[in-house]
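Here's the structure we're looking at; comments come further down.
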Amino acid sequence: MGNLFTGPINTIDQQLLNIGRAKTGRVGFSSNYTRSSGAGGYASASFGGGSFAINIGSGSAIASHGKVGWYDPVEEYLQGGASTIDYSKRIRFAISGMMYMASTNSKIRIVFSGTGNATDAPFAEQNGLTVKGFGAEFALQSSVIQARLIGFNSAYLTPSSYTTLTNGFGESASDNRFFAVMIESDGAGNLNLYAGNSSTVPNVVISPTPLLTLTGGPTTAASSNRFGPEIQCVNHTTVTPTSSRAAELQSMGSWLLDVQ
1 MGNLFTGPIN
11 TIDQQLLNIG
21 RAKTGRVGFS
31 SNYTRSSGAG
41 GYASASFGGG
51 SFAINIGSGS
61 AIASHGKVGW
71 YDPVEEYLQG
81 GASTIDYSKR
91 IRFAISGMMY
101 MASTNSKIRI
111 VFSGTGNATD
121 APFAEQNGLT
131 VKGFGAEFAL
141 QSSVIQARLI
151 GFNSAYLTPS
161 SYTTLTNGFG
171 ESASDNRFFA
181 VMIESDGAGN
191 LNLYAGNSST
201 VPNVVISPTP
211 LLTLTGGPTT
221 AASSNRFGPE
231 IQCVNHTTVT
241 PTSSRAAELQ
251 SMGSWLLDVQ
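Take the sequence shown: its letters are residues 1 to 260, numbered as in this note's numbering.
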């Protein structure tokens with residue numbers, strides 16, 4: 001689809017694309033939640049003084065996971081009615097932090113229309129969304145963490161291919177690499193993923209040209225699962241992780257949500 005930033009890049013565009021260099025983010029969420037299950041699954045989120053930190057991991061066992069998310073994100077903008085997210089709006093979410101993944105049968109996801117505080121996230125072998133929504137799914141591809149787009153409209157969309165970044169969003173042999181990514185639903189059913197290669201220094205610049213696109217995404221309000229962004233680290237339900245440190249994500253407040 002080419003470069004979707006067709007005019008001069010404005011202040012909000014710059015902030016989104018430079019999230020990998022930011023030290024703080026702008027958020028408009030109401031209350032947050034965490035949920036974990038299984039052996040070693042964990043999730044924590046702390047907030048104070050306008051900053052926050054998240055630390056989640058999927059643990060070391062079958063059917064374990066950890067996640068953090070928000071209820072009714074930027075409620076006055078995203079909701080089309082009670083307990084919905086209006087996907088006719090342009091929604092962009094950028095985040096930076098550190099990922100570690102050493103299990104080939106585990107995944108990390110960043111989604112809108114997550115399953116919330118009372119229900120486990122879909123596990124690694126399951127579709128990442130169960131109602132209208134969109135997001136990115138991360139997995140090990142040849143020892144490098146790569147991402148693909150996922151979406152759900154009337155049904156679960158066939159995911160995009162995985163990115164082919166040289167250093168991906170991290171590497172299985174290293175837990176000291178920083179990532180930056182932005183996901184977008186443009187309101188017309190087009191989903192986009194923007195990113196830059198991970199780095200050992202927190203200075204990852206996101207290109208304004210999407211790495212991946214996916215069509216057929218939601219364009220109307222979701223009738224349930226108004227949770228998002230929701231960030232998940234999940235294992236397989238029947239296959240033991242290939243490493244005890246299966247999937248982990250940390251972020252120290254560097255993210256930004258824009259709704260138009």
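Ideal Cβ placement from N, Cα and C applies to all residues, glycine included.
Identity of the residues DSSP links to residue i by a beta bridge
i	result
N55	S44 and Q250
V181	I95 and A195
I212	First, the residue type needs correcting, since residue 212 is Leu and not Ile in the sequence shown. Answer is L193.
R320	For the chain, the structure presents residues 1 to 260; residue 320 sits outside this window and is missing.
E171	V144 and S174
L341	Beyond the ends of the chain as shown, which are 1 and 260, falls residue 341; an answer cannot be given.
Y100	E248
D86	A221
Y156	F152
CB-CB length for residue i against residue j, believed under 8 angstroms
i	j	result
S58	N176	With 8 angstroms as the limit, S58 and N176 do not qualify as a contact, their Cβ atoms being about 19 angstroms apart.
A173	S143	7 angstroms
T130	F152	7 angstroms
T240	I85	Incorrect: roughly 35 angstroms between the Cβ atoms, too far for contact.
N167	N197	4 angstroms
F178	S199	6 angstroms
G132	P218	As written in the sequence, residue 132 is Lys, which differs from the Gly given in the question. Confirmed, about 4 angstroms.
T238	Y87	Going by Cβ atoms, the distance from T238 to Y87 rounds to 33 angstroms, so no, they are not a contact pair.
Buried versus exposed, by CB contacts within 10 Å (16 or more), residue i
i	result
V74	Because V74 carries a pLDDT of 48, less than 50, the predicted location of this residue cannot be relied on, and the following value inherits that uncertainty. Buried, by the Cβ-count rule.
N105	buried
N203	exposed
S46	exposed
V201	exposed
T164	exposed
L249	buried
E76	Because E76 carries a pLDDT of 46, less than 50, the predicted location of this residue cannot be relied on, and the following value inherits that uncertainty. Exposed, because fewer than 16 other Cβ atoms sit within 10 Å of the Cβ of E76.
A222	buried
A102	buried
Q232	buried
Q146	buried
S154	exposed
G158	For the record, residue 158 in the displayed sequence is Thr; it is not Gly. Answer is exposed; the Cβ neighbour count stays below 16.
T115	buried
S207	exposed
G49	Confidence at G49 is low in this model, with a pLDDT of 46, below 50, so its placement is unreliable and no value can be given for it.
A195	buried
A180	buried
W39	Trp is not the amino acid found at residue 39; the sequence shown has Ala there. Per the 10 Å Cβ criterion, exposed.
R26	With a pLDDT of only 43 at R26, under 50, the local geometry of the prediction cannot be trusted, and the value read off the model is given with reservation. By the neighbour-count rule (16 or more Cβ atoms within 10 Å), R26 is not buried but exposed.
S161	exposed
S64	buried
Segment limits, beta strand (DSSP E) that includes residue i
i	result
E230	F227 to V234
S37	N32 to S37
Y71	H65 to Y71
K333	The structure shown has nothing for residue 333, since the chain only spans 1 to 260.
Practice task
Please determine if the stretch 86 to 102 and the stretch 181 to 195 are in contact, where contact requires at least 3 C-beta pairs separated by less than 8 angstroms.
Solution key: Proximity of the stretch 86 to 102 to the stretch 181 to 195 meets the contact definition, three or more beta-carbon pairs being nearer than 8 angstroms.
Exercise for the section: Say whether the stretch 98 to 113 touches the stretch 137 to 146, bearing in mind that this needs 3 or more beta-carbon pairs closer than 8 angstroms, one atom from each stretch. Expected result: Contact annotation: the stretch 98 to 113 touches the stretch 137 to 146, with at least three C-beta pairs closer than 8 angstroms.
Exercise for the section: Spell out a yes or no on whether the stretch 250 to 260 and the stretch 114 to 128 are touching, meaning 3 or more CB-CB pairs, one atom from each, closer than 8 angstroms. Expected result: Touching, no, given that fewer than three Cβ pairs across the two stretches are closer than 8 angstroms.
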